[in-house]
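Protein chains in written order, with the working numbering: chain A, -3 to 200; chain B, 534 to 735. In this text, a Cβ means the ideal position worked out from N, Cα and C, and glycines have one as well. As the structure is a computational prediction, the values presented were derived from the model and not from experiment.
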Amino acid sequence: MVMSANSEKCIEKSEEIAAYLDGELSAAACAEVEQHLKECSACKARLREQQHLLSTLDFALTDDPALRLPVNFSRVVAAHAQADMSGLRRRSEHGRALRLCAALLAASLVLLLLGGAAFSETVLRPVISLGRHLASLFDLLWQVLRGAGTGIGIILRALSRQFLFDSHPLGLSIAFLLFISVLVVFASLIASYHRELPMREDGT
Amino acid sequence: MKTSAQAIPIDFHALADCDLVARAVAGREDGFEQLVRRYQRPIAAYVYRMVGDYEAALDLTQEVFIKVYNSLARYRSEYKFSTWIYKIAHNAAIDHLRRHTTREQSLTDEMNGEPRELLVTYSKPSPEQESEKEERRAEIERVVLELPATYRELVVLRHSHDLSYDEIAEVTGLPLGTVKNRLFRAREAMRQQFVQKGITSI
């Protein structure tokens, strides 16, 4: 029988028959399979089996499964994808940016070190001279304020001495009254401050 | 006066995938949305058949499109867009299965003729699947789902998404010979299951 004579070859042929039905064989391989099918009844039966199987699978799998996509799924998916910015920049771009930063840093350091003299001429000197000018200006202001303060102090001392020692009873009594009133005012201020504190902590 | 400023309505259906990609890369949001509209069902169906879980399939589909969007600039038009997007979906589905598959249920389990546990849970047929034809269809689908993931994927890509052996090889990263052999073995295993279950005709 043809079947038994070709049985081993036929088992090998099964895979070819499947590929033949899938339209995946070259013209030469197709011709070979077709020639074999003419000679072998067993393989012809296999071909029919395979055809039936393929149409069964096509029937069952061609349609989408019972999968209902939510309303506006495409819009939601597109919006999510467009909102996700994580991958917009390629890794190579990140690497390139890092390399560029490193190169710029290195170049600036080299410039600072190598061009030290030029740097001190063009950058350091103006900064130092500006600093000196500012320092002298502040010194002048300080001298003016100090002088004014000393003058006011001398004037007040002279006035108070004259007031206290040239008119004894009146000056002393006024000074005593001032002292007492200052004490009273401070005491009341301190007392009111302590009364208010807990209320603030409560947030009222 | 008006005519020069008037926008010409675009027939998105007439545009090829690569034109939509170019539009999306140029910053036109409608280009990407149209791509999502075009591929959402096939990708969701493919991922669903791979993972067998509705919620996970929707999440993964969204993940796939986010990856697609972020990689659009790297897409080369000499490759088919559908193959490229299936490849991204394949990676997402395989990663998901790896995360959710126990050690005993290895993805690369070779078929040894013994009935094996389902890798995925299959949802009960919906009321619409009451008819005899639909029941048969669901039964066939269950047999497909009983295959190991690496075999099931080839059957799904071939019969549900009509991919060629070359495209399947590109999507899965398998050599062409392996695709051909595994597809044959997967179908043979299913044929035996159909005979056992008495699924002889449609």
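Buried or exposed: residue i, going by 16 or more other Cβ atoms within 10 Å of its Cβ?
i: A/Leu173; result: exposed
i: B/Gly585; result: buried
i: A/Ser104; result: exposed
i: A/Arg95; result: exposed
i: A/Asp198; result: Its pLDDT being 41, under 50, A/Asp198 is placed unreliably by the model, and the measurement read from it follows with that caveat. Exposed, by the Cβ-count rule.
i: A/Phe175; result: exposed
i: A/Phe134; result: exposed
i: B/Arg670; result: buried
i: B/Lys713; result: buried
i: B/His623; result: buried
i: B/Gly564; result: buried
i: A/Trp138; result: exposed
i: A/His129; result: exposed
i: B/Val676; result: buried
i: A/Gln46; result: buried
i: A/Gln31; result: exposed
i: A/Val119; result: exposed
i: B/Leu678; result: buried
i: A/Gly127; result: exposed
i: B/Pro648; result: Reliability fails at B/Pro648, whose pLDDT of 38 lies under 50, so the model's placement of it is uncertain and no value is given.
i: B/Leu687; result: buried
Of all the options the options, which has the alpha carbon lying nearest to the alpha carbon of residue i?
i: B/Ala549; options: B/Lys613, B/Met723, B/Arg631 and B/Val677; result: B/Lys613
i: B/Tyr608; options: B/Leu553, B/Asn714 and B/Val688; result: B/Leu553
i: A/Leu63; options: B/Arg691, B/Arg724, B/Leu593 and B/Arg574; result: B/Arg574
i: B/Glu596; options: B/Arg582, B/Asn714 and B/His629; result: B/His629
i: A/Leu17; options: B/Arg582, B/His633 and B/Arg720; result: B/Arg720
i: A/Ile170; options: A/Leu107, A/Ala14 and A/Ser156; result: A/Ser156
i: B/His633; options: B/Ala682, B/Ile599 and B/Ile618; result: B/Ala682
i: B/Met583; options: B/Gln567, B/Glu672, B/Ser693 and B/Gly560; result: B/Ser693
i: A/Leu43; options: A/Ile124, A/Ala131 and A/Ile7; result: A/Ile7
i: B/Arg685; options: B/Phe717, B/Gly710 and B/Asp699; result: B/Phe717
i: A/Glu20; options: B/Gln725, B/Gln729, B/Tyr579 and B/Leu709; result: B/Leu709
So what does DSSP say about residue i, is it helix, strand or coil?
i: B/His623; result: helix
i: A/Pro122; result: helix
i: B/Arg718; result: helix
i: B/Ile732; result: coil
i: B/Arg609; result: coil
i: A/Cys97; result: helix
i: A/Glu20; result: coil
i: B/Ile543; result: coil
i: B/Asn634; result: Checking the sequence shown, residue 634 of chain B turns out to be Thr, not Asn. B/Thr634: coil per DSSP, three-state reduction.
i: B/Asn603; result: helix
i: B/Arg556; result: helix
i: B/Glu650; result: Caution applies to B/Glu650, whose pLDDT of 40 falls short of 50 and renders its modelled position unreliable; the value that the coordinates give is listed next. Looking at B/Glu650 - three-state DSSP - the assignment turns out to be coil, as it is neither helix nor strand.
i: A/Ala187; result: helix
i: B/Lys535; result: Low confidence applies to B/Lys535: its pLDDT is 46, below 50, so where it sits in the model is not reliable enough to give any reading.
i: B/His694; result: coil
i: B/Asp550; result: helix
i: A/Asp135; result: helix
i: B/Arg561; result: coil
i: B/Gly585; result: coil
i: A/Ser10; result: helix
i: A/Asp54; result: helix
i: A/Leu65; result: coil
Margin query: Closer than 9 Å between beta carbons: that is the criterion. Which residues of the region 606 to 621 of chain B meet it against chain A?
Written below: Ala606 and Arg607
query: Got a sec: which bits of the region 32 to 54 of chain A sit with their beta carbon under 9 Å from any beta carbon on chain B, in order along the chain?
result: Glu45, Gln46, His48, Leu49, Leu50, Ser51, Thr52, Leu53 and Asp54
Residues within the region 562 to 595 of chain B neighbouring chain A, beta-carbon criterion of under 8 Å: Glu562, Phe565, Glu566, Val569, Arg570, Gln573, Arg574, Pro575, Ala577, Ala578, Tyr581, Arg582, Tyr587, Ala590, Leu591, Thr594 and Gln595
Next item on the list: Note down, in chain order, all residues in the region 711 to 731 of chain B with a beta-carbon under 9 Å from any beta-carbon belonging to chain A.
Entry: Lys713, Asn714, Leu716, Phe717, Arg718, Arg720, Glu721, Met723, Arg724 and Phe727
According to a CB-to-CB cut-off of less than 8 Å, which residues of the region 673 to 691 of chain B neighbour chain A? Ile673, Glu674, Val677, Val688, Val689 and Arg691
query = In chain order, what residues of the region 20 to 32 of chain A put their CB closer than 7 Å to some CB of chain B?
reply = Glu20
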